[in-house]
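**Q** Counted the way this note's numbering counts, the sequence shown spans residues 2 to 391.
The C-beta atom is built at its ideal place from N, Cα and C for all residues, glycine as well.
Computed from a prediction, not measured in an experiment: that's the story for all the values here.
Dropping a structure here in structure tokens format, bear with me for questions.
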Amino acid sequence: MIFRISCFALALFSVSLTTTLRADDAPAKIAAGTQLASLKVGPTVYTNVLIRSVTARSAMVTYDGGMKSILLRDLSPELQQRFGYNAEADRAQEATAKAGHAAAEKQQQARLETLRKNRAAAYSSVQSISKIDQLLRSFGQAPEIAEEVDLRPRFNELGLWVKDQGHRPSCSVFAIVSALEFQNAETNGNTERFSEEYLYWATSKSLNRQPPDALFGTGDGSENQSDVGFSLVEVATALRTYGIPLQDKVPNLYAGKVMASPPTEIIEEARISGRTSVHAIPGHSGGTLATNIIHALNLGIPVPVGIRWPDTRVWRIQFLDSQRVDMRYSHAVTIVGYRCKSGKIEDTVFLFKNSWGPRWGQGGYGTASFGYLSKNLHSAVVLEMQPKSK
């Protein structure tokens, strides 16, 4: 009896010992808070490791050298088991992450493309703003004063030489047409000569009066050159009303009274083809007008102006500065540039194209100081040509 009991007790001890050994042999799970003397990840061994957090794919640990995120896939199979690593779950999470990264990258590319298009649209919008629109927005602001702006080389390149108005007081007509021909060439890419004779007639017609007779001489300097013709506004009004044909349709007569009415078909054609807008440059003083003219010149736009002119004893002088003027008369020219070495507006000297032929001044061009224009400039306009329809 005693033998049987002993055998039974021995059997129970054997089962208990086997169970204990198997429990001790099972690897302990590793989770957040677990401390390890060392942890081998690939070829690298980290010491004094503390597990901070564990996910399906990685673990965040601190060790002697700092903190690091390790990939569970890089551990040995035994350690993977202790971390509860599942390769399939890892691959699924990796695929999800890759898909998320791809979607994020696609969204980023879409945002960048939208930004690029917006910038391109903004740039296109700025470029589509005409020079005249830019000019109108700049009025009233202090201009950027360059050392020199000179449109004379461009006038010559386009074949728009200095003209001679002849025996007629038609300076405003010639000043307007000079700027018009330049703007037309720049807008449409080809040089065309327009008829001053027609515009002379149109201005007289719109005012319902006979134009002044040919009171004064040609540009050879032999006679009084002061003009008592039309104002810039009157010529601009006629241009908008009647248009203007090419010069070969209505050639210039240069002398005598105004021509008879042009043929009806020429008038109608000129009116239909009229693509010109005229904008008055604002300013209650000559100084303000001159300041705003600098804005136009900086944009490459010539400016017809009306100014009081020196009396006949000094009309030959090509630099207008402090001469005495004849308050009864004004003259019109086209300002085509300026020079200013100091950057101060009061030191600016303006360049203008006259209509008294190439023997006057410097090949038909003259200069005027800012001070002279401040006292004697009374009107200024800019012309806007619409592109020809193709």
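Straight-line CA distance for Leu321 to Leu290?
**A** Roughly 17 Å between the two C-alpha positions.
**Q** Let me check understanding here. Comparing Cα to Cα, which of Val350, Leu374, Gly362 lies closest to Ala147?
**A** Among Val350, Leu374, Gly362, the Cα nearest to that of Ala147 belongs to Val350.
**Q** Starting from Val178, follow the alpha helix (DSSP H) in both directions and report where the run begins and ends.
**A** It spans 172-189 - the alpha helix (DSSP H) in which Val178 sits, taken as one unbroken run.
**Q** State buried or exposed for Lys386, treating a residue as buried only when at least 16 other CB atoms are found within 10 Å of its CB.
**A** Correcting the residue identity first, residue 386 is Met in this sequence and not Lys. Classification for Met386: buried.
**Q** My understanding is that Gly288 touches His379, with C-beta atoms under 8 Å, so please give their C-beta distance in whole angstroms.
**A** About 12 Å; that fails the 8 Å criterion.
**Q** Using a Cβ-Cβ cut-off of 8 Å (strictly less than) and excluding sequence neighbours within five positions of Val234, which residues of its own chain qualify?
**A** Same-chain partners within the cutoff: Ala281, Ser380, Val382.
**Q** I need the DSSP call for Ser227, collapsed to helix, strand or coil.
**A** For Ser227, the predicted structure reports a pLDDT of 41, less than 50, and the residue's modelled location is therefore unreliable. A value from the coordinates is still provided. It is coil, neither helix nor strand.
**Q** So what does Val46 bridge to, in DSSP terms?
**A** Answer is Lys41, bridged to Val46.
**Q** With DSSP run on the structure shown, which of helix, strand or coil describes Ala215?
**A** Because Ala215 carries a pLDDT of 40, less than 50, the predicted location of this residue cannot be relied on, and the following value inherits that uncertainty. It is coil, neither helix nor strand.
**Q** Any chance you could list the alpha helix (DSSP H) runs of at least 4 consecutive residues sitting entirely within the segment 73-136, in chain order?
**A** Listed in chain order, the complete alpha helix (DSSP H) runs (minimum 4 residues) inside the segment 73-136 are 78-84, 88-129.
**Q** How many angstroms separate the CA atom of Trp202 from the CA atom of Ser262?
**A** Going by the C-alpha atoms only, they are around 7 Å apart.
**Q** From the DSSP output, in three-state form, read off Phe353 for me.
**A** Strand.
**Q** Count the other CB atoms within 10 Å of the CB of Val127; is the residue buried (16 or more) or exposed (fewer)?
**A** For Val127, the predicted structure reports a pLDDT of 48, less than 50, and the residue's modelled location is therefore unreliable. A value from the coordinates is still provided. Result: exposed.
**Q** Can you tell me the Cα-Cα spacing of Arg317 and Tyr243, whole angstroms?
**A** Each residue's alpha carbon lies about 35 Å from the other.
**Q** Hey, how far is the Cα of Asn293 from the Cα of Ile177?
**A** Cα to Cα, Asn293 sits roughly 18 Å from Ile177.
**Q** What separation, rounded to the nearest whole angstrom, lies between the Cα atoms of Ala93 and Pro44?
**A** Their Cα atoms are separated by approximately 26 Å.
**Q** On the three-state DSSP scale, how would you describe Ser59?
**A** Residue state, collapsed to three classes: strand.
**Q** Kindly confirm or deny that the segment 326-334 and the segment 181-188 touch, where touching means at least three C-beta pairs closer than 8 Å.
**A** No, the segment 326-334 does not touch the segment 181-188.
**Q** Ignoring anything shorter than 3 residues or poking outside the segment 314-347, list the beta strand (DSSP E) runs there in chain order.
**A** With a minimum length of 3 residues, the continuous beta strand (DSSP E) runs that stay inside the segment 314-347 are 326-340.
**Q** Using the rule of at least 16 other Cβ atoms within 10 Å of the residue's Cβ for burial, across every protein chain shown, is His296 buried or exposed?
**A** Buried, because 16 or more other Cβ atoms sit within 10 Å of the Cβ of His296.
**Q** What residues in its chain sit with their C-beta under 6 Å from that of Ser39, if we drop five residues either side in the sequence?
**A** Val46, Thr48.
**Q** Ignore the nearest five residues each way along the sequence and tell me which others in Tyr124's own chain have a CB closer than 6 Å to its CB.
**A** Because Tyr124 carries a pLDDT of 48, less than 50, the predicted location of this residue cannot be relied on, and the following value inherits that uncertainty. Cβ within range, chain order: n/a, list empty.
**Q** Using a threshold of 7 Å, state whether the C-beta atoms of Val163 and Gly365 are closer than that.
**A** Their beta carbons are under 7 Å apart, which means Val163 touches Gly365 by this criterion.
**Q** Per DSSP, Ala281 is paired with what?
**A** Answer is Val382, bridged to Ala281.
**Q** Please check the pair Ala57 and Asn87, which I expect to be a contact at CB under 8 Å, by giving their CB distance rounded to whole angstroms.
**A** Contact holds; Cβ gap of about 7 Å.
**Q** Which residues does DSSP pair with Val163 in a beta bridge?
**A** Paired residue(s): none; Val163 is not in a bridge.
**Q** Quick one: is Gly66 buried, meaning 16 or more other Cβ sit within 10 Å of its Cβ, or exposed?
**A** By the neighbour-count rule (16 or more Cβ atoms within 10 Å), Gly66 is not buried but exposed.
**Q** Excluding five sequence neighbours on each side, which residues of the same chain lie with their C-beta closer than 7 Å to the C-beta of Ala90?
**A** Counting only Cβ-Cβ distances below 7 Å, and skipping sequence neighbours, we find Ala57.
**Q** Mapping DSSP to helix, strand and coil, what is Ser375?
**A** In the structure shown, Ser375 sits in a helix (DSSP, three-state: H, G or I).
**Q** Would you report the Cα separation of Leu76 and Lys99, rounded to the nearest angstrom?
**A** Spanning the two alpha carbons is a distance of roughly 22 Å.
**Q** According to DSSP, what are the bridge partners of Val304?
**A** Val304 is bridged to Ile336.
**Q** Here's a check: name, in chain order, each residue in its chain whose Cβ is nearer than 7 Å to the Cβ of Leu300, leaving out the five neighbours to either side.
**A** For Leu300, where only same-chain residues beyond five positions count, the Cβ hits under 7 Å are Lys132, Gln135, Leu136.
**Q** Thinking Ala33 and Ser54 are a contact (beta carbons under 8 Å), I'd like their distance in whole angstroms, please.
**A** Indeed, because the Cβ distance is near 5 Å, the residues count as touching under 8 Å.
**Q** Does any residue of chain C bring its CB to less than 7 Å from the CB of Ser274?
**A** No chain C is part of this structure, which consists of one protein chain only.
**Q** Give me, in chain order, the residues of the same chain whose beta-carbon lies closer than 6 Å to that of Asp348; leave out the 5 immediate sequence neighbours on both sides.
**A** The residues are Cys341.
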